[in-house]
Amino acid sequence: MNRLLSKAGVSCCADSTGGALIAALLLVAISAIMGATILFATSTDLQISGNYRRAVETFYAAEAGIAETSVRLSGSPSSNPAYFGDSSPIMQPNWSAYVLSKPAWKSQDDTSYSTLFTNYIPVSGNLTNTAVLANSIQTALPYWTKVRHKTEFDAEQAGHSSLTPHYQDTDGVTAGHSQINQGNVVFYGFASGNGLKPMSFTSANPTPYSPVEIIISQGELEGAMSLLQVEVAHPPGPPLLAPLYANSQVFFGGGTAAVEGFDSCGLLSEGRPPVWMGPAGALVGNPTFTGNPPIPQSGTEALDLVKTLEGLKRGAEVINGDLVSVKPGVPGTPALLYAEPLAGGFWSELAVQNVNGFGVLLVKGNVKISAPFHWEGLVIVSGQITFDGGIGTSAIHGALFADQVHILSGDVT
1204 MNRLLSKAGV SCCADSTGGA LIAALLLVAI SAIMGATILF ATSTDLQISG
1254 NYRRAVETFY AAEAGIAETS VRLSGSPSSN PAYFGDSSPI MQPNWSAYVL
1304 SKPAWKSQDD TSYSTLFTNY IPVSGNLTNT AVLANSIQTA LPYWTKVRHK
1354 TEFDAEQAGH SSLTPHYQDT DGVTAGHSQI NQGNVVFYGF ASGNGLKPMS
1404 FTSANPTPYS PVEIIISQGE LEGAMSLLQV EVAHPPGPPL LAPLYANSQV
1454 FFGGGTAAVE GFDSCGLLSE GRPPVWMGPA GALVGNPTFT GNPPIPQSGT
1504 EALDLVKTLE GLKRGAEVIN GDLVSVKPGV PGTPALLYAE PLAGGFWSEL
1554 AVQNVNGFGV LLVKGNVKIS APFHWEGLVI VSGQITFDGG IGTSAIHGAL
1604 FADQVHILSG DVT
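Okay, so the sequence shown: first residue is 1204 according to the numbering used here, each after it adds one.
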């Protein structure tokens, strides 16, 4: 039997076949578009992920640069082998120094580079070197840092004015400054003779305190970079209220003693009273006193000497036993020594005899001084310091801070 196909049937079959083809082509096109979109999205995600990784790594590298620079500014050349601070006896506004982890650094890498500054690249034994070479203590992390003293111009750039002061301006000059005329260095410490709270300040006269430092650190990796800037300050130590400070007691029980409140170095030209005591302080004995005024004074607040020690001991050389017949530090390279019962090996009292030192001596606990003893600088004892025994004199040319001071024998000045 013959089967006849109508025109209508043929037309229907043809239309069905064409529709399927079109649908298949549309599906292929949509798949291609989706594939391209997924590929593009994946590529973008990878790029974002890579950028984020580089940003994080360069940020961490810049942070590491700040950490290294801060550590290398602490202590002194004798206590910190990597020390690279300003070695000038008078701090200059144009001092600057770099830490480089790679020798390929160029001055163009620092957008704030200026020939008005010293631009030292300190190395061991030469803190004023200017030859470009890697002077970082490590080479694994790619960064460079620059440190310079904060100046009045820096403070003005940040918004300082007489109406909105950022520091206490005690140098007598209130005019504005410029890149060429930076003004004075901004220090951190105690601006007034009886101040108990440290602050930023300028001074027309020499000061025993250290400058505020500006650290710029740039981390670099695969073309990416992160730039950080911070301000750091050296711990100022206790306020220099007098050459002899005691929280609770000053006892002159024997021998001869003299306490002079005038500074022969000229850093405290107006002078200080000979003795300053905490609110519960007591004075026993009658040594020779001079100063401005020439009589002992008492304050309304006691100094926290333990907290002071914690702030100053960073970068110090830890004493591993009694100090006997040693000469720590010299002028220009002061020592920074720290002793405590567990770290130093002594249990109740650090013994010091026949010592000629220059710098800072920090003792957490008690200490006994036996003549001869000569110290140029600062001595801080959280407990009791006793002068007793030995042959000769004991002298501190600087300042002594302790909870209790007992002078039992010998000549002490």
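From the three backbone atoms N, C-alpha and C, an ideal C-beta is built for every residue, glycine too.
- If you keep only unbroken alpha helix (DSSP H) runs of at least 4 residues inside the region 1515 to 1576, you get 1544 to 1547.
- Residues of the same chain with a CB within less than 6 Å of the CB of I1419, apart from the 5 flanking positions on each side, are K1349, Q1432 in chain order.
- Beta-bridge annotation (DSSP): H1600 is paired with E1579.
- The criterion of a C-beta distance shorter than 7 Å is not satisfied by L1611 and V1582.
- The DSSP-derived three-state label of L1512 is helix.
- Following the DSSP letters along the chain, one finds A1300 inside the beta strand (DSSP E) bounded by residues 1299 to 1303.
- The region 1556 to 1567 makes no contact with the region 1303 to 1315, as fewer than three CB pairs between them are under 8 Å.
- Counting along the chain, no beta strand (DSSP E) covers E1359; the unbroken alpha helix (DSSP H) around it starts and ends at 1355 to 1360.
- Distance between F1454 and E1416, taken at the CA atoms: about 41 Å.
- With contacts defined as CB atoms closer than 7 Å, Q1556 and S1573 qualify as a contacting pair.
- G1268 carries a helical assignment under DSSP once its states are collapsed to helix, strand and coil.
- A1358 and N1387 have their C-alpha atoms spaced approximately 11 Å apart.
- Around the beta carbon of V1462, 16 or more other beta carbons sit within 10 angstroms, so the residue counts as buried.
- N1408 is classed as exposed because its beta carbon has fewer than 16 other beta carbons within 10 Å across all chains shown.
- With respect to the C-alpha of T1493, the residue from R1475, V1487, A1483 having the closest C-alpha is R1475.
- For a cut-off of 8 Å, the C-beta gap from S1299 to A1538 is around 27 Å, too long to register as a contact.
- The criterion of a C-beta distance shorter than 7 Å is not satisfied by S1451 and G1398.
- In this structure, the alpha-carbon of P1496 lies about 8 Å from that of P1477.
- Within the model, the alpha-carbon separation for D1591 versus D1507 is close to 26 Å.
- At a cut-off of 4 residues, not a single continuous stretch assigned as alpha helix (DSSP H) sits fully inside the region 1395 to 1479.
- Only exposed fits K1530, as fewer than 16 other CB atoms lie within 10 angstroms of its CB.
- The straight-line gap separating the alpha-carbon atoms of A1445 and Q1607 is approximately 15 Å.
- Between S1291 and A1361, the alpha-carbon positions lie close to 27 Å from each other.
- From the listed residues G1379, S1304, T1354, A1519, the smallest Cα separation to S1339 is found for S1304.
- If the five residues before and after T1333 are omitted, its C-beta is found closer than 7 Å to the C-beta atoms of N1322, Y1323, I1324, all from its own chain and listed in chain order.
- Residue pairing from DSSP places F1590 in a beta bridge opposite I1572.
- Assignment of V1259 by DSSP, reduced to helix, strand and coil, places it in the helix class.
- Secondary structure note for H1352: its beta strand (DSSP E) is the uninterrupted segment 1346 to 1352.
- Taking the C-beta atoms as reference points, E1520 is found nearer than 7 Å to L1540.
- S1413 and S1403 have their C-alpha atoms some 10 Å from each other.
- As a beta-bridge residue in DSSP terms, N1329 pairs with V1326.
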